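Residue numbers (our numbering): 4 to 408.
Beneath this line is the structure, given in structure tokens, with notes to follow.
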Ligand code: NAP
Ligand code: MG
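Here you go:
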């Protein structure tokens, strides 16, 4: 038995919920722990533990990423009313991802994993479409109110310097309805733009930014203006690298993306990025093939799979039924974190291990061993799908061969 490779600095590990948690532990046990020795800072964000700590553990985990620089996260439940009942929670805790994103003030980049025998649903897509999602504010940091009687809703801005208040009428309610107040900050939008420009430069991708400034002239217009200011500042560098920038209306962008062959970074406002990344992920094959990384302006990284806790599979799992859940994106969350650690620590052996593991996953699928989500779309067709654990075991066998070669 060869010695494990030592990872120099700590990685923050954030555990999660349901089927995602089941595969998370299999990945650690079979693909990570036997090969690398990591100083893990572990935080359990499983819903019961968040509830027990009054969600303090989420803030602690985010702060640990700020300190360590690199984190890796399992999918977690964002409770709605049904979940509060299901897990008997003290309250409907906020989205842990939302909390972590606001502490890191980051941009989320979502990139599909392309595998030869998994053709995209959109025939003309040939290269990855990467979604850059602004991960601060808008509806994810909003206040909302259900209006239960007639009355008037207003936006009030009270300047910190004691100068005059600004009041803006939203609506005169004649009966019940809803209101929402949301915000964003210039500095966050600017770092979003910068993060996207840096990503486009480093990956040599064209950069698209979309919003709806024809309708939201102030809010979306502000985003468009800040974005183009940053583009102008980076103009020379973008030009030298042959990177084109386009501003598009969101609805036009959707149409253009579908018609394209891919190969661009599509910068999206928070909600658009949430929705479009699932559309793009599914278009490329499966949510199980979409990776996600949160990058803060200070260069802190959190890697995760883009999918959720895969609850339908989990309900089968706890009934004792076999499942076929794709662990690819969760494995790539680990390889992303390891490779970033290796880059920051200047330990190339860690980067090599990460790419060896990624290669093992891709080759396993290319040899026809894959979970059901991929089997349904594989070309050439595959007759049999692997169960959750069978797939991970097949990857482990391949990895062992390369590792000990
Ligand atoms: P989901 O867990 O992503 O699953 C939606 C469906 O997509 C699944 O039922 C499954 O389809 C397919 N799928 C997703 N990941 C897959 C995988 N790895 N392998 C195979 N199939 C996969 O989304 P959801 O059901 O909307 O949300 C479930 C929970 O996850 C919610 O509580 C939500 O709050 C949470 N969530 C967390 C995160 C996060 O932590 N980053 C993100 C999104 C959602 P079939 O059922 O057709 O097989
Ligand atoms: Mg989402």
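No residue lacks a Cβ here, since even glycine has one placed at the ideal position from N, Cα and C.
Remember, it's a predicted structure, so these values are computed and weren't measured experimentally.
A Cβ closer than 5 Å to some heavy atom of the ligand NAP marks a residue here, and those residues are 78, 79, 80, 81, 290, 291, 310, 311, 312, 313, 314, 315, 328, 329 and 376. Closest in C-alpha terms to residue 361, from the list 391, 230 and 402, comes 402.
In this chain, the beta strand (DSSP E) harbouring residue 46 covers 43 to 47.
With the rule of 3 Cβ pairs closer than 8 Å, the region 102 to 118 does not count as touching the region 239 to 258. Every beta strand (DSSP E) stretch that sits fully inside the region 256 to 335 and reaches 3 residues is listed by chain position as 267 to 271, 293 to 298 and 304 to 308.
Of the residues 26, 351 and 375, the one whose Cα lies closest to the Cα of residue 8 is 351. In this structure, residue 269 and residue 211 form a Cβ contact; the two beta carbons are roughly 5 Å apart against a cut-off of 8 Å. Counting the other CB atoms within 10 Å of its CB gives residue 316 a total of 16 or more, which places it among the buried residues. No Cβ-Cβ contact shorter than 8 Å links residue 40 with residue 75.
From the listed residues 298, 267, 65 and 159, the smallest Cα separation to residue 99 is found for 65. Counting along the chain, the unbroken alpha helix (DSSP H) around residue 202 starts and ends at 189 to 206.
By the CB criterion at 8 Å, residue 331 and residue 386 fall outside the cutoff. Put simply, of 263, 208 and 295 the residue whose alpha carbon is nearest the alpha carbon of residue 243 is 208.
With distances taken between CA atoms, residue 172 lies nearest to 182 out of 163, 165 and 182. Within the DSSP secondary-structure output, residue 212 pairs in a beta bridge with 250 and 270. For residue 186, there is no enclosing alpha helix (DSSP H), as DSSP marks it with neither H nor E. Looking at the backbone, the Cα of residue 177 and that of residue 153 are separated by about 5 Å. The secondary-structure analysis by DSSP pairs residue 110 across a beta bridge with 137 and 298.
Of the residues assessed, residue 20 falls on the buried side of the cut-off, its CB having 16 or more other CB atoms within 10 angstroms.
Note that the C-beta distance between residue 333 and residue 309 is not below 8 Å. Distances from the alpha-carbon of residue 42 to those of 73, 25, 53 and 54 put 73 closest. By alpha-carbon distance to residue 197, the top candidate from 280, 150 and 111 is 111.
Shortest Cα-Cα distance from residue 191 to any of 93, 204, 233 and 289 involves 233. Each residue's CA atom was taken as its position, placing residue 215 and residue 328 some 37 Å apart. For residue 156, the uninterrupted beta strand (DSSP E) run begins and ends at 154 to 160, by DSSP. In the three-state DSSP reduction, residue 390 falls in the coil class, being neither helix nor strand. Under the DSSP assignment, residue 14 falls in the beta strand (DSSP E) whose first and last residues are 14 to 18. When 179, 124 and 140 are compared, the shortest CA-CA separation from residue 151 is found for 179. 113 is the residue among 56, 224, 404 and 113 whose C-alpha sits nearest the C-alpha of residue 305. For residue 379, the number of other beta carbons within 10 angstroms of its own is below 16, and it is reported as exposed.
Under DSSP, residue 176 forms a beta bridge with 154. With contacts defined as CB atoms closer than 8 Å, residue 377 and residue 311 fail to qualify as a contacting pair. Between the region 43 to 52 and the region 270 to 285, the count of Cβ pairs shorter than 8 Å is below three; the stretches do not touch. Taking 8 Å as the cut-off, the Cβ atoms of residue 372 and residue 394 count as close.
In its chain, beyond the 5 residues on either side, 7, 8, 356 and 406 have a beta carbon closer than 7 Å to the beta carbon of residue 38. The C-beta separation of residue 369 from residue 118 comes to about 6 Å, placing the pair in contact by the 8 Å criterion.
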